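The structure appears below as structure tokens.
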Ligand code: PEP
Ligand code: MN
């Protein structure tokens, strides 16, 4: 349940409601809104009796929360969340391009790709230093050396960097270097990793598991918010289906559903969905048209030599052309939204 305070509620009244929530055996979580404060009630088993709180001083009304996820839900927070990635906004009216190679391979490789994607309009650089690979014989990433290269890329280009933390053991290290920490599809329900991400002060990019429902995905995000970290960006990266023509099936139908259910930004990753470079631009265009808040695209200057995911990587020139199309689609949607008042 959500206890919505009156616009003119005093700090004492807000504290009083929190005391009452604690006295009832629950956890209060104040959620500052644009005009008024709401207090979320966490850790209740079953429905909460609204009469416990509705007549307390300063309370406007209570809203039952019908979903199993709470802090991530629109019922809890109506306005879109904008996640700040070291100065680059993700969410609401912004359209953010995240681009870079699958894996950090060398300083030369990363700097060349970073300069190219930045010139094309990317806001955030990506590159894996710890890679989740199907085979233990495949390139596993450069580890801390890769993180140092990412820090260098940030220093040289000014772009914030996002990179994956494969497990809790490396989280501290990744967090120390990265502007945003990625939790990969295979780890979406790694609950100890989610809890560690909840303790982090860095924004988290939470990819959807390849066979996860929307509810499971939002519950995974709930772990992070419940831990105290509200800076979460969701990323749809394709589901495992019977399709043989692509690596995964990009579930764009999830995007409007997630946007209805949650205030968190949602982006798409057509690269890992397609697994084939030629399919990436059309899927990216469809993602932009459906209204994602951004895209994650793999780019490599020599895809044929890439140590990971070369087959799905765009050349820098292809990325630049795509970035122009993305901006055009986003501007069109913005204009339509402004004209019709709907979006
Ligand atoms: C990645 O982004 O490098 C990655 C491994 O993606 P996913 O977890 O979606 O497979
Ligand atoms: Mn990859």
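Residue numbers (the working numbering): 16 to 358. All C-beta atoms in this analysis are idealised placements derived from N, C-alpha and C, irrespective of residue type, glycine included. Values in this document were obtained by computation on a predicted structure and should not be read as measured data.
Legend entry - Every unbroken alpha helix (DSSP H) inside the region 47 to 114 [4 residues or more]: none
Inset, instruction - Would you list the residues sitting across from residue 33 in a DSSP beta bridge? - result: Note: residue 33 sits in no beta bridge, so no partner.
Inset, instruction - Compare the beta carbon distance of residue 115 and residue 128 with 9 angstroms and say whether it is the shorter of the two. - result: Cβ atoms of residue 115 and residue 128: closer than 9 angstroms.
Inset, instruction - Inspect the beta-carbon positions of residue 75 and residue 21 and report whether they are closer than 9 angstroms. - result: yes
Legend entry - Rounded separation between residue 224 and residue 288 - CA only: Cα-Cα distance, rounded: 12 angstroms.
Legend entry - C-alpha gap between residue 308 and residue 337, whole angstroms: 16 angstroms
Inset, instruction - Assuming residue 212 and residue 244 form a contact by the criterion Cβ under 8 angstroms, report the distance between their Cβ atoms to the nearest whole angstrom. - result: That belief holds up - the Cβ atoms of residue 212 and residue 244 are roughly 6 angstroms apart, short of 8 angstroms.
Legend entry - Cα-Cα separation, residue 158 to residue 145: If I take the Cα positions, the gap works out to 5 angstroms.
Legend entry - Where residue 204 sits in the DSSP three-state scheme: coil
Inset, instruction - Flag residue 51 as yes when its Cβ comes closer than 8 angstroms to any non-hydrogen atom of the ligand PEP, and as no otherwise. - result: Flag unset: Cβ of residue 51 not near the ligand PEP.
Inset, instruction - Please indicate yes or no: does the CB of residue 359 lie closer than 8 angstroms to some heavy atom of the ligand MN? - result: Not covered by the structure: residue 359. The range shown for the chain is 16 to 358.
Inset, instruction - For the ligand PEP, list every residue whose C-beta falls under 5 angstroms from any of its heavy atoms, going in chain order. - result: 143, 199, 200, 222, 252, 287
Inset, instruction - For residue 255, count neighbouring C-beta atoms within 10 Å of its own C-beta (all shown protein chains included) and say buried if the count is 16 or more, exposed if not. - result: Residue 255 should be labelled exposed.
Legend entry - Element boundaries [beta strand (DSSP E), containing residue 250]: 247 to 251
Legend entry - residue 44 - DSSP class collapsed to helix/strand/coil: strand
Inset, instruction - Excluding the 5 residues preceding and the 5 following residue 39 in the sequence, name in chain order all residues of the same chain whose CB lies nearer than 6 angstroms to its CB. - result: So the list reads 67, once near-sequence residues are dropped.
Legend entry - 8 angstroms Cβ shell around residue 355 - same chain, five flanking residues per side excluded: With a pLDDT of 49 at residue 355, under the threshold of 50, the modelled position of that residue is not reliable, and the figure given next carries that caveat. Same-chain partners within the cutoff: there are none.
Inset, instruction - Have a look at the DSSP bridge pairing and note the partners of residue 197. - result: 179, 220
Legend entry - residue 313: first and last residue of the uninterrupted alpha helix (DSSP H) it sits in: DSSP places residue 313 outside any alpha helix (DSSP H); the residue lies instead in the beta strand (DSSP E), whose first and last residues are 309 to 313.
Inset, instruction - Would you please state the rounded distance, in angstroms, between the beta carbons of residue 327 and residue 352? I believe it to be under 8 angstroms. - result: Not quite, the Cβ-Cβ distance comes to about 31 angstroms (not below 8 angstroms), so this is no contact.
Inset, instruction - Kindly indicate the opening and closing residues of the beta strand (DSSP E) around residue 16. - result: Neither: residue 16 is in no beta strand (DSSP E) and is coded neither H nor E.
Legend entry - Sheet register partners of residue 139 (DSSP bridge): 113
Inset, instruction - Closer than 7 angstroms by C-beta to residue 201: which residues in its own chain qualify, once you throw out the five before and the five after it? Chain order, please. - result: Within the same chain, residue 201 has close Cβ partners 147.
Inset, instruction - Could you check the C-alpha separation between residue 50 and residue 69 for me, to the nearest Å? - result: 19 angstroms
Legend entry - Close beta carbons around residue 239, own chain, < 6 angstroms, minus the five adjacent residues each side: Counting only Cβ-Cβ distances below 6 angstroms, and skipping sequence neighbours, we find 209, 212, 213, 219, 247.
Inset, instruction - Tell me whether residue 122 counts as near the ligand PLP, meaning its Cβ is closer than 8 angstroms to at least one heavy atom of that ligand. - result: For the ligand PLP, the structure offers nothing, since it holds only the ligand PEP and the ligand MN.
Inset, instruction - Please determine if the region 300 to 315 and the region 103 to 118 are in contact, where contact requires at least 3 C-beta pairs separated by less than 8 angstroms. - result: yes
Inset, instruction - Name the one or two DSSP bridge partners that residue 24 has. - result: Beta-bridge partners of residue 24 (DSSP): none assigned.
Inset, instruction - Would you decide whether residue 72 is buried or exposed? Buried here means 16 or more other CB atoms lie within 10 Å of its CB. - result: Residue 72 comes out exposed.
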